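Notes follow once the structure below has been shown.
In the UniProt record's numbering, the protein residues as written are 1 to 384.
Pasting the structure below:
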């Protein structure tokens, strides 16, 4: 097997999040296969999370400090204020230092050696666009969300502007890739995210706990999940709702649970260090987001043999949940249907077990070795 120099680059690679977990998982996997692997964060995280205590890859951060808050001058005088001018000079100097650090890392790959840069997001591609790097380094751009999510943000424009110049633009699902092809993006490929763990034994599914995994952010619409749980839990005594993740909405969600009379049955667990163990505590995993690409929580829960109920949000979600076989998909935003689907899984242990077995089998191709094989094949295609 060819040994390569691999650089995985993201804006912030150490915050708690699905895309960050994927980058660390890939970096560890590539390093385990003998590649010289470096994970590069452009900015340090304000709230760093430790993904691996003993990584086999090198870690580099280009800036010394997190990004400062945006400052929009309200007038010409404010724009020319000495404090603002000092800040502009300081930011320019910091940017030049960061680019110098990255240039030195890229220059460490000698001519004639295979080298690839995996760009973790459109914003990382924007930052890298002004860089001059050795011609023997090839670049691949990732996008960790759905086409629909890209349409709701500036990401669609950034992908269509910056990704055509890369060797490949990789997306999480075939339906999303097809949408980008329709926008005439010429270099589209599909690459699913790998599972960060593969549990040896499935979850017992007897804990009577519903779980939600992810940051407590507005886009996750966890208020919908509390509403659904409150609607069905009177018929299911002993069941609890557990949130795994931190975020700004925790006080608001706690208040909602209390207001609906289920405060004593809703638990906020924070960021779990061992998610494989956390999934084993659960009997159902629920997803009520407004938008998702190919959410790792659904893949991880399925690998643990935990059935999932989710709104039908994207091609990536439909690839992870086969409705009626591995879990339940509900029309987007249909709160009554979601509550009914949740109640059905709470009531029927045999259904949970059947879905859990099928889900575990369904996501087996997402095990890290299989996904790394796909990356190796992509590398070979790019290098031909």
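Glycine included, every Cβ here is placed at the ideal spot set by N, Cα and C. Quick caveat, the model's predicted, so the values are computed rather than measured.
Worksheet entry | Closest Cα partner of residue 267 within the set 250, 259, 273, 283 | Residue 267 sits at position 267 when you count from the first residue of the chain shown. When only C-alpha atoms are compared, the closest one is 250.
Discussion item. For residue 110, tell me which candidate among 137, 383, 318 has the shortest Cα-Cα distance.
Written reply: Numbered from 1 along the chain shown, position 110 holds the residue referred to as residue 110. Just measuring C-alpha positions, the residue of 137, 383, 318 sitting nearest residue 110 is 137.
Fill in: Residue range of the unbroken alpha helix (DSSP H) whose run includes residue 341
The residue you call residue 341 lines up with position 341 of the chain shown. Start and end: 335–347.
Worksheet item: In chain order, what residues of the same chain lie with their CB nearer than 6 Å to the CB of residue 242, ignoring the 5 residues before and after it?
Response: Along the chain shown, read from residue 1 onward, the residue named residue 242 stands at position 242. So the list reads 209, 211, 267, 269, once near-sequence residues are dropped.
Worksheet item: Going along the chain, which unbroken runs of the beta strand (DSSP E) with 3 or more residues stay wholly within the region 171–255?
Response: Whole beta strand (DSSP E) segments, 3+ residues: 188–190, 209–213, 240–244.
Discussion item. Output needed for residue 325: all residues of its chain with C-beta closer than 7 Å, excluding positions within five of it in sequence on either side, in chain order.
Written reply: Within the chain shown, residue 325 is the residue found at index 325, counting from 1. Closer than 7 Å at the Cβ level, and outside the excluded window around residue 325, lie 358.
Discussion item. Based on DSSP bridge pairs, tell me the residues matched to residue 351.
Written reply: Start at 1 with the first residue of the chain shown, and residue 351 comes out as number 351. Paired residue(s): none; residue 351 is not in a bridge.
Worksheet item: Which same chain residues, not among the five before or five after residue 323, have their C-beta less than 7 Å away from its C-beta?
Response: By one-based count along the chain shown, residue 323 stands at place 323. Setting aside the 5 residues that flank it on each side, residue 323 is surrounded in the same chain by 329, each with a C-beta closer than 7 Å to its C-beta; the list follows chain order.
Worksheet item: Any idea if residue 233 is buried or exposed, counting beta-carbon neighbours within 10 angstroms, 16 or more meaning buried?
Response: Here residue 233 corresponds to residue number 233 of the chain shown, with the count starting at 1. Looking at its Cβ environment, which holds 16 or more other Cβ atoms inside 10 Å, residue 233 is buried.
Worksheet item: Ends of the beta strand (DSSP E) at residue 308?
Response: Working through the chain shown from its first residue, we reach residue 308 at position 308. Unbroken beta strand (DSSP E) run through residue 308: 308–311.
Worksheet entry | For residue 38, the first and last residue of its enclosing beta strand (DSSP E) | Here residue 38 refers to the residue found at position 38 of the chain shown. 36–41 is the extent of the beta strand (DSSP E) around residue 38.
Worksheet entry | residue 24, enclosing alpha helix (DSSP H) - first and last residue | For the purposes of this step, residue 24 is taken as residue 24 along the chain shown, with counting starting at 1. Per DSSP, residue 24 belongs to the alpha helix (DSSP H) from 18–32.
Item to complete: With a 10 Å radius around its C-beta and 16 neighbouring C-beta atoms as the bar for buried, classify residue 273 as buried or exposed.
Response: Numbered from 1 along the chain shown, position 273 holds the residue referred to as residue 273. Classification for residue 273: exposed.
Discussion item. So, with DSSP's three-state summary, where would you put residue 315?
Written reply: Mapped onto the chain shown, residue 315 falls at position 315. Taken through DSSP and simplified to helix, strand or coil, residue 315 comes out as helix.
Worksheet entry | Segment contact, 8 Å Cβ cut-off, at least three pairs: the region 137–154 with the region 170–181 | Three or more Cβ pairs closer than 8 Å define a contact, and the region 137–154 meets that threshold against the region 170–181.
Worksheet item: Terminal residues of the continuous alpha helix (DSSP H) containing residue 92?
Response: The count along the chain shown starts at 1 and reaches residue 92 at position 92. Per DSSP, residue 92 belongs to the alpha helix (DSSP H) from 82–107.
Discussion item. Beta-carbon within less than 6 Å of residue 238's beta-carbon, same chain only, minus the 5 sequence neighbours each way: which residues are those?
Written reply: One-based indexing of the chain shown puts residue 238 at position 238. Around residue 238, the same chain offers 208 as residues with beta carbons nearer than 6 Å, after the five sequence neighbours per side are excluded.
Worksheet item: Would you report the Cα separation of residue 14 and residue 44, rounded to the nearest angstrom?
Response: Indexing the chain shown from 1 puts residue 14 at position 14. Indexing the chain shown from 1 puts residue 44 at position 44. Between residue 14 and residue 44, the C-alpha separation is close to 7 Å.
Practice prompt. Give me the Cα-Cα distance between residue 193 and residue 170, rounded to the nearest whole angstrom.
Written response: Sequence index remark: in the chain shown, residue 193 carries index 193 (1-based). Sequence index remark: in the chain shown, residue 170 carries index 170 (1-based). One C-alpha to the other measures close to 11 Å.
Item to complete: Spatial neighbours of residue 246 within its chain, please: CB distance less than 6 Å, with the 5 preceding and 5 following residues excluded, ordered by chain position.
Response: Along the chain shown, read from residue 1 onward, the residue named residue 246 stands at position 246. Answer for residue 246: 270, 271, listed in chain order.
Discussion item. Using only CA atoms, which one of 30, 277, 163 lies nearest to residue 391?
Written reply: Nothing in the structure corresponds to residue 391, since the chain is present only between 1 and 384.
Discussion item. On the DSSP bridge list, what partners appear for residue 268?
Written reply: Counting from one through the chain shown, the residue named residue 268 turns up at place 268. The partner list for residue 268 (beta bridge, DSSP) reads 243.
Discussion item. Using DSSP's beta-bridge definition, name the partner residues of residue 116.
Written reply: As a position in the chain shown, residue 116 is number 116, starting the count at 1. BP columns for residue 116 point to 6, 138.
Worksheet entry | Cross-strand partners of residue 59 (DSSP beta bridge) | Working through the chain shown from its first residue, we reach residue 59 at position 59. 39.
Practice prompt. Please report the Cβ distance between residue 303 and residue 372, rounded to the nearest whole angstrom; I am assuming they are in contact, meaning their Cβ atoms lie under 8 Å.
Written response: Mapped onto the chain shown, residue 303 falls at position 303. Mapped onto the chain shown, residue 372 falls at position 372. Rounded to whole angstroms, the Cβ separation of residue 303 and residue 372 is 16 Å, and the two are not in contact under 8 Å.
Worksheet item: Is it the case that the Cβ atoms of residue 39 and residue 27 are separated by a distance below 8 Å?
Response: The residue you call residue 39 lines up with position 39 of the chain shown. The residue you call residue 27 lines up with position 27 of the chain shown. Yes.
Worksheet entry | Neighbourhood of residue 341 by C-beta, 7 Å cutoff - its chain only, sequence neighbours within 5 removed | To locate residue 341, count along the chain shown from 1; it is residue 341. Within the same chain, residue 341 has close Cβ partners 309, 328, 330.
Worksheet item: Taking buried to mean at least 16 other C-beta atoms within 10 Å of its own C-beta, is residue 201 buried or exposed?
Response: One-based indexing of the chain shown puts residue 201 at position 201. Here residue 201 is exposed. Its C-beta has fewer than 16 other C-beta atoms within 10 Å.
Worksheet item: Exposed or buried, residue 348, counting other C-beta atoms within 10 Å across all chains shown (16 or more means buried)?
Response: Residue 348 sits at position 348 when you count from the first residue of the chain shown. Its Cβ having fewer than 16 others within 10 Å, residue 348 is exposed.
Practice prompt. Go through its chain and collect everything with a Cβ distance to residue 162's Cβ below 8 Å, but skip five positions before and after it.
Written response: Sequence index remark: in the chain shown, residue 162 carries index 162 (1-based). For residue 162, same chain residues with a beta-carbon under 8 Å away, outside a window of 5 residues either side, are 122, 125, 126, 129, 141 in chain order.
Worksheet item: Where do the ends of the beta strand (DSSP E) carrying residue 285 lie?
Response: Position 285 of the chain shown holds residue 285. That run of the beta strand (DSSP E) goes 284–287.
Discussion item. Any contact between the region 292–302 and the region 151–160? By contact I mean 3 or more CB pairs, one from each, below 8 Å.
Written reply: In short, these stretches do not touch, since the Cβ pair count stays below three.
Practice prompt. Would you identify the three-state DSSP class for residue 166, choosing helix, strand or coil?
Written response: In the chain shown, the residue the question calls residue 166 occupies position 166. Residue 166 sits in coil when the DSSP states are folded into three classes, being neither helix nor strand.
Practice prompt. Return yes when the Cβ of residue 23 is within less than 8 Å of the Cβ of residue 120, no when it is not.
Written response: For the purposes of this step, residue 120 is identified with residue 120 of the chain shown, where counting begins at 1. For the purposes of this step, residue 23 is identified with residue 23 of the chain shown, where counting begins at 1. Yes, they are a contact pair.
Item to complete: Give the single residue among 184, 135, 133, 19 whose Cα lies nearest to the Cα of residue 156.
Response: As a working note, residue 156 is residue 156 in the chain shown. Selected option, being the one with the closest Cα: 184.
Worksheet item: Can you check whether the CB of residue 301 is closer than 8 Å to the CB of residue 317?
Response: Taking the first residue of the chain shown as 1, we reach residue 317 at position 317. Taking the first residue of the chain shown as 1, we reach residue 301 at position 301. Contact: no.
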